[in-house]
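Presented below is the structure to which this report refers.
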Amino acid sequence: RQRVSAILQSGLQMVGQEVTVKGWVRTVRSQKSFSFVEVNDGSSLQGVQVIAASDIRGYDVVDALTTGAAVSVVGVVAESPAKGQSVELKAVEVALVGDCPAESYPLQKKRHSLEFLRSIAHLRPRTNTIGAISRVRSALAYATHNFFQELGFKYVQTPIVTASDCEGAGEMFRVTTLPVQQSDKKLDDAADFFGRAAYLTVSGQLSAETFACALGDVYTFGPTFRAEESNTARHLAEFWMIEPEMAFCDLQGDMDNAESFVKHVVKYAVDHCAEDIAFFSKFQDKGLAARLDAVVNKPFARVRYEEAIAMLQKEIAKDPSKWQYPQVEFGTDLATEHERWLAEVAFGTATFVYDYPKAIKAFYMRDNEDGRTVAAMDLLVPGVGELIGGSQREERLDVLQAKMAEAGLREEDYWWYLDLRRFGSVPHAGYGLGFERLVCYVTGTANIRDAIAFPRYPGSCDF
Ligand code: 4AD
Ligand code: MG
Numbered sequence: 047r048q049r050v051s052a053i054l055q056s057g058l059q060m061v062g063q064e065v066t067v068k069g070w071v072r073t074v075r076s077q078k079s080f081s082f083v084e085v086n087d088g089s090s091l092q093g094v095q096v097i098a099a100s101d102i103r104g105y106d107v108v109d110a111l112t113t114g115a116a117v118s119v120v121g122v123v124a125e126s127p128a129k130g131q132s133v134e135l136k137a138v139e140v141a142l143v144g145d146c147p148a149e150s151y152p153l154q155k156k157r158h159s160l161e162f163l164r165s166i167a168h169l170r171p172r173t174n175t176i177g178a179i180s181r182v183r184s185a186l187a188y189a190t191h192n193f194f195q196e197l198g199f200k201y202v203q204t205p206i207v208t209a210s211d212c213e214g215a216g217e218m219f220r221v222t223t224l225p226v227q228q229s230d231k232k233l234d235d236a237a238d239f240f241g242r243a244a245y246l247t248v249s250g251q252l253s254a255e256t257f258a259c260a261l262g263d264v265y266t267f268g269p270t271f272r273a274e275e276s277n278t279a280r281h282l283a284e285f286w287m288i289e290p291e292m293a294f295c296d297l298q299g300d301m302d303n304a305e306s307f308v309k310h311v312v313k314y315a316v317d318h319c320a321e322d323i324a325f326f327s328k329f330q331d332k333g334l335a336a337r338l339d340a341v342v343n344k345p346f347a348r349v350r351y352e353e354a355i356a357m358l359q360k361e362i363a364k365d366p367s368k369w370q371y372p373q374v375e376f377g378t379d380l381a382t383e384h385e386r387w388l389a390e391v392a393f394g395t396a397t398f399v400y401d402y403p404k405a406i407k408a409f410y411m412r413d414n415e416d417g418r419t420v421a422a423m424d425l426l427v428p429g430v431g432e433l434i435g436g437s438q439r440e441e442r443l444d445v446l447q448a449k450m451a452e453a454g455l456r457e458e459d460y461w462w463y464l465d466l467r468r469f470g471s472v473p474h475a476g477y478g479l480g481f482e483r484l485v486c487y488v489t490g491t492a493n494i495r496d497a498i499a500f501p502r503y504p505g506s507c508d509f
């Protein structure tokens, strides 16, 4: 079986060769003595045009084909007279693998809204848009491993079930045993099982730190969970996060690594997913190609939080009515509109904001000398807002203990985390990149629910 992508990309090299293609019918146009069938096998956006003359084996099958049917086609590659494709297949034999009743198949030839497609998430990978997003997502995952492995980072798999709330935001899903409904007593069984209450992790960072303080440079890439009530186009209850952690690294090194990483994966997608990205540039985000080019070739901006606040204040003062949150001062947690203005208008490119106020950031971030900020950074990007959150970690035992006390955390719950500061403590830093936000960024997809196979968000856990 040949992949359609390989046949279409071969130029005219395969002309005359007999090949077998297996896939799903996108369209059928029947004329008197032959039919045109577009067969897509998911390897590329475009399917291959199959021309079946009425005297071939299995023509009765061709005659009855409908959109969505699965077929196996033996054909000879021929130069195509049609525009937009170099080659087509002259069918030798067509066999039906699985039929698809036209009257009940939810995917029609017309364009469906992304919202409708979410209600048939099990079939939507067969559409152009979701198929293309899925291919780019796969390429970005590959490029992620490739980037870190080439730099000598070790891939560690941190636990999904955990007792600690890394971000301290209290947005964790509690783990219980089945059947939950049976009795109230049952709810406690997960606690009985583990000896304490257990949750789905919001971040692998704390565990990754333990490995960075042993293996040097490490990264995680796995699912994380947040029970936040945000019903937005940028939040999921289950999302994938990439979390590098680097020993002997400070905040500058952290930002340098993050910038190289984003550039690397974007370049990989541009180089390897040209057809899909051209499709997105045409249909969902006209400025995409130019923006991706800038990501790869121009340095990212870097601005201290305090300076970003001053810029925002100046801009908001021009017309406060244009802003949903016009009140911005030192200590404000930036809203999406602020983040997007900074990246899209003020700097016009991916922008690191760093040295945030201590009061709005997590307990593990390293205190700066000024006493009121921490060595934290967020990477804000056009169209998406926050793509990355990271920091240098507090490596001084006494300072960390004081910060934990301030945050109301019990030392006995984090004894192992504190041990890292007791035994050969080193400056270290890392960050977390939201993988679905990266997929949105690279594909120009507006809603994060379309960047993951089966999105989980408030009110939705079908499929
Ligand atoms: O900024 P966050 O909360 O940082 C952390 O979790 C750190 N422990 C990471 C680290 O330093 N190792 O989350 C990191 C990124 C965000 O910048 C965002 O891209 C993504 O994760 N993210 C979400 N993506 C989708 N849905 C959500 N609900 C998200 N919450 C965070
Ligand atoms: Mg964050």
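Just so you know, the sequence shown maps onto residues 47 to 509 in the UniProt record's numbering. We put the CB at the ideal spot given by N, CA and C, even for glycine.
- Between T113 and K155, the gap from beta carbon to beta carbon is short of 8 angstroms.
- I498 and S180 have their C-alpha atoms roughly 8 angstroms apart.
- Runs of the beta strand (DSSP E) lying entirely within the stretch 391 to 420, each at least 3 residues long, are 397 to 403 in chain order.
- A244 is positioned such that its CB atom lies closer than 8 angstroms to that of V207.
- Its Cα nearest to that of A279, the residue E482 stands out among E482, D508, R72 and V71.
- Residue burial is scored here from C-beta neighbours: P152 has fewer than 16 other C-beta atoms within 10 angstroms and is therefore classed as exposed.
- Per DSSP, I288 is one residue of the beta strand (DSSP E) stretching across E284 to A293.
- Apart from the 5 residues on each side of it in sequence, S100 sits with its Cβ closer than 7 angstroms to the Cβ of S79 and F80 in its chain, given in chain order.
- Not a single heavy atom of the ligand MG lies less than 7 angstroms from the C-beta of D211.
- A distance below 7 angstroms between beta-carbons, with the five flanking residues on each side excluded, links E440 to the following residues of its chain, in chain order: Y410, M411, R412, D413, L446 and K449.
- By the neighbour-count definition (other C-beta atoms within 10 Å, threshold 16), E275 is an exposed residue.
- DSSP lists no beta-bridge partner residue for R164.
- Approximately 11 angstroms separates the beta-carbon atoms of V96 and S118; this is outside 8 angstroms, ruling out the contact.
- For G429, the Cβ stays outside the 7 angstroms cut-off from all heavy atoms of the ligand 4AD.
- Remark: the shortest separation between the CB of D300 and any heavy atom of the ligand MG does not fall under 7 angstroms.
- Taking C-beta atoms under 8 angstroms as the contact rule, G177 and L91 qualify, at a distance of about 7 angstroms.
- Counting only unbroken stretches of 4 or more residues, the alpha helix (DSSP H) elements lying wholly within the stretch 69 to 112 are 105 to 109, in sequence order.
- Under the three-pair Cβ rule at 8 angstroms, the stretch 309 to 319 counts as touching the stretch 334 to 341.
- For the ligand 4AD, no non-hydrogen atom lies closer than 7 angstroms to the CB of E385.
- Not one heavy atom of the ligand 4AD sits closer than 7 angstroms to the Cβ of I362.
- Here H168 is exposed: its Cβ has fewer than 16 other Cβ atoms, across all protein chains shown, within 10 Å.
- When the Cα atoms are used, Q131 and V120 turn out to be separated by approximately 19 angstroms.
- Under DSSP, L246 shares a beta bridge with V207.
- According to the DSSP secondary-structure assignment, F267 is paired through a beta bridge with I288.
- Cβ neighbours of R75 within its own chain (closer than 6 angstroms, five residues either side excluded): F82.
- With a threshold of 7 angstroms, the Cβ atom of L153 does not count as near the ligand 4AD, since no heavy atom of the ligand is closer than that.
- Residues of the same chain with a CB within less than 6 angstroms of the CB of A335, apart from the 5 flanking positions on each side, are S327 in chain order.
- Taken from the Cβ of E482, at least one heavy atom of the ligand 4AD lies inside 7 angstroms.
- Contact annotation: the stretch 263 to 277 does not touch the stretch 360 to 368, with fewer than three C-beta pairs closer than 8 angstroms.
- Closest in alpha carbon position to V85, among L111, G62 and M60, is L111.
- Distance between W286 and G480, taken at the CA atoms: about 6 angstroms.
- The Cβ atoms of F307 and F193 sit closer than 8 angstroms to each other.
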